[in-house]
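The structure appears right after this line, and notes come after that.
In the working numbering, the protein residues as written are 46 to 145.
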């Protein structure tokens with residue numbers, strides 16, 4: 046019985062660690078993208094209608110993308126953060142994806 050409890054505890058710690066890592070990567074990417082848009086592109090926070098970090102299933106840090114929708118702009122932008130820099134990976138307009 047004691048062995049089963051230890052195994053369960055180890056599994057819970059592993060699952061919690063993976064979940065925590067994913068949440069950390071997504072929130073870090075979102076934070077850096079929002080700072081970039083605000084400071085580098087001079088886009089006020091009030092003009093950012095939607096911001097959602099997600100797993101993109103791409104290699105490297107492109108895996109941690111942030112979807113951005115701006116006020117009065119029909120495009121949806123997809124950014125990622127890599128090596129202290131934010132990159133525009135692609136945007137969609139009228140249902141068509143344009144990769145940078």
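We treat Cβ as the ideally placed atom computed from N, Cα and C, and that holds for glycine. All values derive from a computational prediction rather than experimental measurement.
- In this model, residue 49 and residue 61 are separated by some 18 Å (Cα to Cα).
- Between residue 125 and residue 106, the C-beta spacing is below 8 Å.
- Straight across, the Cα-Cα distance linking residue 66 with residue 59 is about 11 Å.
- In the DSSP assignment, residue 116 falls outside any alpha helix (DSSP H) and carries neither an H nor an E.
- In summary, residue 75 is buried, with 16 or more beta-carbon neighbours lying within 10 Å of its beta-carbon over all protein chains present.
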